[in-house]
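All remarks here apply to the structure that follows.
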Amino acid sequence: MNIYTASSWKNPFYSDIVRQLKEAGHQVYDFRSAISSEGADLAFNWDQIDPQWERWTDQQFIEGL
């Protein structure tokens, strides 16, 4: 089974969940470790949008989406 895992970057259980799913024989897309076929890092991080994103107002966050 193909499984897409998505969660907060701060989720302390995320890595264990991905590992357990892989050990159970599933193909798992791990957004934290997304690598293209050319080797480029594809994992998204809000810092790519704005290093100060954690200080955004509600309106700035809506616009950032």
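Heads up: the sequence shown at position 37 corresponds to 964 in our numbering, and the numbers run straight through without jumps. For each residue, glycine too, the CB sits at the ideal point set by N, CA and C. Everything numeric in this text was worked out from a predicted model, so none of it was measured.
Go ahead and label Asp-943 buried or exposed: buried means 16 or more other beta carbons lie within 10 angstroms of its beta carbon, across all protein chains shown.
Translated into positions along the sequence shown, residue 943 becomes position 16. Per the 10 Å Cβ criterion, exposed.
Based on Cα-Cα distance, which residue from Ile-989, Ser-934 and Asp-985 lies nearest to Ser-960?
In the sequence shown, counting from the first residue as 1, residue 960 sits at position 33. Among Ile-989, Ser-934 and Asp-985, the Cα nearest to that of Ser-960 belongs to Ser-934.
Which one of Gly-991, Gln-954 and Arg-946 has the shortest CA to CA distance from Asp-977?
The residue you call residue 977 lines up with position 50 of the sequence shown. The residue with the shortest Cα to Cα distance from Asp-977 is Gly-991.
Can you list, in chain order, the residues of its chain whose CB lies under 7 Å from that of Val-945, leaving out five sequence neighbours each side?
In the sequence shown, residue 945 corresponds to position 18, counting from 1. Closer than 7 Å at Cβ, skipping near neighbours: Thr-932, Val-955 and Asp-957.
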